[in-house]
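First the structure, in the form of structure tokens, and then the observations on it.
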Amino acid sequence: MATNNDTIRVRSDQGQLKTCCATLYESDLTRFLLGDSFHPGGLQLTSELGRMLGLRPARRVLDVACGKGTTAVFLAKEFRCEVFGIDFGEQNVAAARSLAQADHVDSRAQFERGDAENLPFADAAFDAVICECAFCTFPNKVASAREFFRVLRRGGHVGISDLTRERTVSTELDGLLAWIACIGDAQTLDGYTALLRDAGFTVDSVKQRNDALEEMVNQVRVKLLGAEIMTKLKKLQLPGLDLGAAKRMANSAMAAVKQGQLGYALICATKPD
Ligand SMILES: C[S@@+](CC[C@H](N)C(=O)[O-])C[C@H]1O[C@@H](n2cnc3c(N)ncnc32)[C@H](O)[C@@H]1O
């Protein structure tokens, strides 16, 4: 039987995982490897997700786990929506606010620190919820899916883009997922849609975008190669990064994508009227 101590331990482990994930995505290394948009496909895929969600001017959109605000600012500019972004990382939120100010959309793109599993918003506050490459990192996906449902108005849409994995994966891929602890809990496509359905959503469409993941992994491989050359020439220092291990992991990731063990997908669902 689970004791109070077990419950406290699980909560503290989950808290550590979120902090660890936020810290990883606040680091200069992540920005160096991934650029400003921390998801495969970048803003092109965000635009596609925005169109799938039918975003229009003045729509209230919540970007859950918004990172440094790249998507939220883009949606405020491209679709002229009113966007609220939340992220677990304090520094990410600060960077997102600065970006919105620099791009003169701070009246339409606002940010605050928050947890996807306990959203700091009232029921039915939004027309749409977007969550890119982050659902896979949440320790309690059932709670987050329920929160997406709660903060959406009836008829509102949720759009998720995320890493997908095969049900059974090679030991090598298991090692890779464990290494990047944050994405270790990526689900199968059916797993994601089941989580949304269980929360009350009707799943409208699913699009596989493995090509975007392949492109991102390739970009990381090229950057690691460049970093290796620069460090050998003593023009760059990357303390704390084992370049050899990082290159091996990037190669395993590429093999997993090519074998279809790891993929990327867009999923849109609706809160029924
Ligand atoms: C892969 S990044 C994606 C960032 C952004 N959505 C994008 O596509 O650029 C994952 C983000 O999830 C955030 N995060 C992780 N757990 C979270 C949680 N429980 N609540 C809110 N944000 C969380 C991290 O801080 C990080 O910014």
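So the sequence shown is numbered by my numbering: it starts at 26 and just counts up by one. Glycine included, each C-beta is placed from N, C-alpha and C at the ideal position.
Review point. To the nearest whole angstrom, what separates the beta carbons of residue 174 and residue 224, a pair I think is in contact under 8 Å?
Key: 5 Å between Cβ atoms; contact.
Review point. Would you call the CB atoms of residue 220 and residue 290 closer than 7 Å?
Key: With contacts defined as CB atoms closer than 7 Å, residue 220 and residue 290 fail to qualify as a contacting pair.
Point to revise | Nearest-angstrom Cα separation, counted from residue 295 out to residue 216 | key: Between the alpha carbons of residue 216 and residue 295 lies a gap of roughly 17 Å.
Practice item. Go ahead and label residue 298 buried or exposed: buried means 16 or more other beta carbons lie within 10 angstroms of its beta carbon, across all protein chains shown. Key: Looking at its Cβ environment, which holds fewer than 16 other Cβ atoms inside 10 Å, residue 298 is exposed.
**Study point:** Backbone CA spacing between residue 222 and residue 260 [nearest angstrom]
**Key:** Looking at the backbone, the Cα of residue 222 and that of residue 260 are separated by about 51 Å.
Check your understanding: Hey, would you say residue 292 sits closer than 7 Å to residue 185, going by beta carbons?
Key -> Cβ atoms of residue 292 and residue 185: closer than 7 Å.
Practice item. Just the C-alpha distance for residue 187 and residue 273, rounded to the nearest angstrom, thanks. Key: Rounded to the nearest angstrom, the two C-alpha atoms are 23 Å apart.
Check your understanding: If residue 79 and residue 121 are in contact, beta carbons under 8 Å, what's the gap, nearest whole angstrom?
Key -> Contact flag wrong, Cβ pair sits at about 24 Å.
Review point. If you draw a straight line from the alpha carbon of residue 248 to that of residue 57, how long is it in whole angstroms?
Key: Rounded to the nearest angstrom, the two C-alpha atoms are 8 Å apart.
Check your understanding: Mapping DSSP to helix, strand and coil, what is residue 130?
Key -> In the three-state DSSP reduction, residue 130 falls in the coil class, being neither helix nor strand.
Point to revise | Simplified DSSP state of residue 135, which is helix, strand or coil | key: The answer is strand: DSSP assigns residue 135 an E or B state.
Review point. Does the distance from the C-beta atom of residue 239 to that of residue 282 stay below 7 Å?
Key: Residue 282 sits close to residue 239, with the two beta carbons spaced by under 7 Å.
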